[in-house]
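Worksheet: the structure to be examined is printed underneath.
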Amino acid sequence: MSELLRVENLSVEFGPKAKPIRVVDGVSFAVPAGGSVGIVGESGSGKSITSLSILRLVPEPPGRIVSGRILFEGKNLLDLPPSALPEFRGRDVAMIFQEPMSSLNPVMTIGDQIGEAIKLHQPLSATERHERVIELLRLVGMPDPASRLGAYPHQFSGGMRQRVMIAMAVACNPKLLIADEPTTALDVTIQAQVLELMKSVRRRLGTAVLLISHDLGIIAETCERVIVMYAGRVLEEGDVRSIFRSPAHPYTRGLLQSIPRLDDDRRRLFQIPGTVPAAGSAGQGCPFYARCPSRVEKCAAEMPPMFRYGDDQLAACWVTAERAGAPMVRAGAAA
Amino acid sequence: MSEMAETATAAPAELPPAEGSAFDVVRRVLFGRPATIFATALVALFILVAIFAPWIAPYDPLQQSALDINQDPSAAHWLGTDQFGRDIVSRLIYGSRNSMIFGLLSPTLSAIFGTALGVVAGYFGGWTDRILSRIIDMLLAFPELLLAILVAAVLGGGFWNVVFVITVAFVPGFARVARAATLAVKQEPYVEAATAVGVRTPTIIVRHVIPNIFPSVLVLLTLWTASAIRLEASLSFLGIGTQPPNPSWGNIIRDGLNNLFGSPWPIVGAGIAITVAVLAFNLIGDAVRDELDPELSE
């Protein structure tokens with residue numbers, strides 16, 4: 001599969017230039033064309049900012065992308081002038097947001113909102129556009145789409161609104177669909193429906209998906225690759241099966257253990273002790289040092305580079321690498 | 336799955352919040368309570384009188400008659416005549432034209448310019464916001480009447496000057512409200528979502544921001560219609576609004592004041608007209624606010 005998106009050494013800072021807070025720190029990953037990649041991490045791990053950077057939606061000021069490259073089909077998006085951004089947003093890369101309840105304009109009918117997205121990138125006549133909107137609503141499983149065009153967002157439930165959002169996002173057949181916690185605000189049953197819908201849209205349109213979530217279960221179900229982020233850094237990445245079978249980083253292990261299981265008779269749920277360090281407070285060493293069960297002295301002093309495990313798994317941990325004898329990967333050559 | 340989707344979609348329709356077609360909303364605002372029904376009737380009456388003044392007025396409001404000065408109310412002159420023998424009812428009827436035009440036109444113009452300023456300041460932020468906000472603050476430092484007098488003193492009287500004066504007096508208020516509302520709307524995820532599908536900034540402002548701040552502007556507009564009527568009357572009373580001999584409620588009082596002992600009826604008539612008109616518009620303004628302000632709609 002050819003490579004659609006490659007993020008290289010991306011760093012994003014917030015706050016005053018003199019005293020910046022680094023929220024995303026040297027993140028690198030790639031998304032193959034038509035592939036599906038998940039980014040998982042706790043709140044504040046920088047996963048949302050990473051995804052917003054791809055669309056150049058990081059609010060500036062106070063935020064700014066300080067280094068790195070975001071290559072989309074070989075072209076660095078960070079070089080695009082602001083005037084070229086609307087052209088590229090929605091056509092090449094589209095995004096679904098977390099809050100379906102407020103991601104639709106309350107005073108516009110959903111037909112108009114989806115139509116607006118089409119109008120921007122596709123030269124269709126009014127009737128063709130109308131047909132296209134109905135077709136999109138049918139694609140996302142809206143019952144009786146023709147009669148719903150004139151409805152306003154408040155007349156829909158959260159799940160239905162998220163379907164409308166997906167219809168808007170895929171209106172112009174983007175090559176990459178970024179979904180930032182698309183199901184967090186929904187009921188579990190609706191979550192499953194929306195995930196199923198995203199999978200079927202991906203199959204039918206061949207759209208690559210970058211899914212941001214804090215829920216490993218959702219990632220496992222939807223994605224082929226997974227990237228584990230913590231405090232603005234990538235700690236582990238690899239294909240979903242190997243990471244779930246043999247997580248290399250202690251943080252990933254902790255995350256996997258924290259998932260409650262039905263067949264488990266533990267009284268208390270497992271938790272990783274401590275909390276995520278405040279953004280920008282990271283020192284020289286591994287950001288997970290303070291909470292790590294298997295830390296050694298070296299971890300506090302030096303940030304571990306990526307080590308390779310098997311064919312397709314990378315993790316940044318001194319301890320497991322030494323134990324497994326994993327070879328070091330040079331920075332920037334990830335995956 | 337589709338069955339579940341159906342029930343999920345149907346559920347919100349049963350909620351009874353402030354919804355319905357635009358027509359329902361207008362009907363609820365104007366005829367929701369006895370007081371507003373009364374106010375609506377009065378406003379309709381004033382507007383009709385203003386429109387059909389030439390047909391309703393029994394006399395020419397400018398026609399003087401040396402033989403009929405300072406008459407008391409009679410069958411021929413319902414509110415008597417002034418010191419020049421002009422029919423007071425006719426003058427009040429023609430005067431309502433000025434009040435209605437200024438009351439409706441000026442706040443509308445202020446709303447347009449003020450909203451434009453406020454939205455630009457709020458949406459773009461940064462230096463644009465700082466400069467525009469300081470100008471708005473500066474204008475807000477003056478009370479409306481003082482600001483109006485200031486501009487009127489420079490420009491002089493005349494119809495368009497008065498429209499301009501009242502418009503300028505209300506622009507900062509609208510700009511302030513529009514800016515605050517824009518700051519809130521700008522943070523809404525749907526604005527970010529629109530940006531993410533590639534909508535350009537001007538379109539976002541026109542299609543996503545302005546429709547969503549419109550309720551706040553509309554509330555202000557209806558409440559300030561009454562203020563504009565009052566302001567026009569004040570300016571005319573001070574002699575810098577509508578210029579005599581053209582009648583306006585303000586200068587009818589001004590003329591009457593010089594002739595208080597000749598005939599008190601111009602002052603009584605115009606005073607009641609202003610009071611009733613301002614009260615009626617205020618009642619409607621309150622009704623609009625109650626309808627559109629989510630915090631008060633309980």
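Chains A and B, in that order, give the protein sequences. Numbered as in the numbering used here, the first sequence ends at 335 without a single skipped number. Numbered as in the numbering used here, the second sequence ends at 633 without a single skipped number. Each residue gets a CB set at the ideal place from its N, CA and C atoms; glycine is no exception.
Contiguous beta strand (DSSP E) elements confined to the segment 173-222 of chain A occur at 176-180 and 208-213, taking only those with 3 or more residues. Between the alpha carbons of I588(B) and A376(B) lies a gap of roughly 25 Å. Between L444(B) and S48(A), the alpha-carbon positions lie close to 43 Å from each other.
Taking a beta-carbon distance threshold of 8 Å, G90(A) counts as an interface residue toward chain B. Taking a Cβ-Cβ threshold of 8 Å, the residues of chain A close to P546(B) are N105, V107 and M108, in chain order.
In the assembly as shown, P100(A) is a buried residue. Its beta-carbon has 16 or more other beta-carbons within 10 Å. When CB distances to chain B are screened at a threshold of 7 Å, the residues of the segment 48-70 of chain A falling below it are L55 and L57, in chain order.
Contact annotation: the segment 546-557 of chain B does not touch the segment 389-406 of chain B, with fewer than three C-beta pairs closer than 8 Å.
In terms of Cβ geometry, L5(A) and F72(A) form a close pair [threshold 8 Å]. No Cβ-Cβ contact shorter than 8 Å links F14(A) with V234(A).
For A357(B), not one C-beta of chain A is nearer than 8 Å to its own C-beta. If you check the CB distance, G457(B) and A513(B) come in under 8 Å. Non-local beta-carbon contacts of Y230(A) in its own chain, meaning distances under 8 Å to residues more than five positions away in sequence, involve G41, E42, S45, Y251, V276, P287 and F288 in chain order. Here the alpha carbon of V498(B) sits roughly 46 Å from the alpha carbon of R161(A). Inter-residue distance for G591(B) and P599(B) is about 7 Å (C-alpha atoms, whole angstroms).
If you keep only unbroken beta strand (DSSP E) runs of at least 3 residues inside the segment 25-74 of chain A, you get 36-40 and 64-72. When the beta-carbon positions are compared, C317(A) and P304(A) come within less than 8 Å of each other.
Contact between the segment 380-393 of chain B and the segment 429-444 of chain B is present, with at least three C-beta pairs closer than 8 Å. If the five residues before and after A488(B) are omitted, its C-beta is found closer than 7 Å to the C-beta atoms of I575, all from its own chain and listed in chain order. Sorting R225(A), V296(A), A208(A) and D180(A) by C-alpha distance to the C-alpha of Q98(A) places D180(A) at the top. A residue is called buried once 16 or more other Cβ atoms fall within 10 Å of its Cβ, and W390(B), having fewer, is exposed. In the same chain as P550(B), and ignoring 5 residues on each side of it, the C-beta atoms closer than 6 Å to its own belong to L627, in chain order.
Only residues of its own chain outside the window of five on either side were considered, and among them G274 and P277 have a CB closer than 8 Å to the CB of A290(A), listed in chain order. Here the alpha carbons of I114(A) and I39(A) stand approximately 27 Å from one another. Under the Cβ criterion of 8 Å, E527(B) is counted among the residues facing chain A. Residues of chain A whose Cβ lies closer than 9 Å to the Cβ of G533(B) are, in chain order, L85, P86, E87, F88, R89, G90, R91, A94, A117, L120, H121 and C172.
When DSSP states are grouped into helix, strand and coil, T463(B) belongs to the helix group.
Taking C-beta atoms as the reference points, L104(A) and Y525(B) count as a pair closer than 8 Å. Under DSSP, A379(B) forms no beta bridge with any residue. At a cut-off of 8 Å between beta-carbon atoms, M198(A) makes no contact with chain B. A contact is defined here as three or more CB-CB pairs under 8 Å, and the segment 206-215 of chain A fails this definition with respect to the segment 10-25 of chain A. Among the residues facing chain B, S147(A) is not included, as its CB has no counterpart in that chain under 8 Å away. DSSP places D472(B) in the helix class (H, G or I) of the three-state scheme. The continuous beta strand (DSSP E) containing Q313(A) extends over residues Q313 to A315. Residues of chain A with a Cβ closer than 7 Å to the Cβ of P524(B) are, in chain order, F97, E99, S102 and S103. Any Cβ of chain B closer than 8 Å to the Cβ of A169(A) would place that residue at the interface, and such an atom is present.
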